[in-house]
Structures are given as structure tokens and as C-alpha cells.
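S.K.: In this note's numbering, the protein residues as written are 46 to 298.
C-beta: ideal position from N, C-alpha, C; glycine also.
These numbers were taken from a predicted model, which means no experiment stands behind them.
1) On the three-state DSSP scale, how would you describe residue 260?
2) From 93, 274, 266, pick the residue whose C-alpha is nearest to that of residue 110; which is it?
3) Of all the alpha helix (DSSP H) runs that stay within the bounds of the region 101 to 184, which reach a length of 4 or more residues?
4) Three-state secondary structure (DSSP) at residue 240?
5) Under 8 Å, do residue 274 and residue 101 count as touching if we go by C-beta distance?
6) In the structure shown, what three-state DSSP assignment does residue 272 receive?
7) I need the DSSP call for residue 247, collapsed to helix, strand or coil.
8) Have a look at residue 279 and residue 128 and give me their C-alpha separation to the nearest angstrom.
9) Specify the secondary structure class of residue 279 as computed by DSSP and reduced to three states.
10) Are the beta-carbon atoms belonging to residue 134 and residue 239 less than 8 Å from one another?
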């Protein structure tokens, strides 16, 4: 590799020399902000752990409902089935909201994007609520959306790293949903406490695998939210490591 000519670089005007310097993509995974920024903005590891708690709680609710479906309320199986259908919508809406929060736009513009996107996707939640004859799906949409945005709203990662953490969270969410759907739809899943009598009391409308064998959906929910909780816990330890050792090195871009 031919070394840069010091005479030629000195002949350039100051503005040209500054523009010729390579820029670092600090928003990419592995990109390293300068040391001063990393020291002054270490992130909040506890926020990542707090964001993981709702996922672990939902995984526990799905698992215990699978074992004892009528313990909390009679229609719990139906409500959790609607929740997993809504999670598919939330995955799409949360990506829009993530990047709305992380843009460099003014606060008023960010709020407008968030409200507009939320209201648009809320129409799907309202359709689910009408199909299941229950207000629960509509409320679940807003709870799931808040859960997906928790790490961003709480400021878990430094600003220079938040986009990378956001992208990683979304990839894990989509991967876990696709993996969990395929696994629980094809593998032999035991019904446990979800007996034919329990299914009859749910008053399902329509058809499909999750309607005819809702224990598969409960197993899927326990697996999916468990993976999400473990992912958030991994973020906690990663951010703690960044605080002690500093972020990883440059990726050369």
C-alpha cells in the first residue's frame, strides 16, 4: 500500500483536509465512537434488564396458562392466542417507531411519526378485537408496543450505539417468531391442561391450527417471549462489559 504523501496533504486547504479524513460509521455494530464519547455516554445496562422483565413475565403467563388454562380467567387461552397474532403486527410497527425515535429530526416530527404509525397499526388491533369480540387485543397492542420500545425509551445503550442495539433487537424478534412458529407447528406438542372442554369454553371463531390446537400457540408464546427475555439479559451483560472495558474496536468502515 503506497503511503500518503505528506507534502501533498499539506498543500490542501484545511477544509479539504478535514473532508478527506475517513469517517467512522458509529451506528453500525462494532463501530467505535471516540473515547471521550464512550466515557461520557456509557449507557444504562439496568434499562436493558428492565426491558427484559416484561418478556419473562409474558413467557411465565403463557407457560402457566398452558399447564392450568382456567386458573386466571376462563378466556385466557383465547386472549393469549390473540396476543400472539398481534405480536406479528407489533414487529412491523416497532421497527418504524424505533427509527422514528433514532432519527435526527425535531422532537415534534418524531412525535408525529410515532403517533401516525401507532394509529395506523392500531386499526389492525381494532380488527382483531372485533374478530375476538374482546377489548383485550386492542389493549395488548399498546402494551406490546411499549414493551418493544422499552430499551429505546429508557436509553439502555449510548446514543452512538442505540441503532445497532435496536437493529439487533428487531432481528432477534423476527428470528424468534419465525423459528417458534415453524417449530411449534410441526413438532409434537403436548396439550397438557388444554383439554377439549377448555377449547370449547373459549368460543373461538374461524379455523386454523392455533384455533383447533391452541396449546401450540401457548407453547410458542412461552418460547418466543423467553427468547426475547434472554436477549435482553444478554444486552445487560454486554452493556456492563462496555462500561468496564469500553465498546468493541472499529470495523474498518
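M.R.: According to the data block:
1) helix
2) 266
3) 121 to 147, 152 to 177
4) coil
5) yes
6) helix
7) coil
8) Rounded to whole angstroms, residue 279 to residue 128 spans 25 Å at the Cα level.
9) Of the three classes helix, strand and coil, the one that applies to residue 279 here is helix, per DSSP.
10) no
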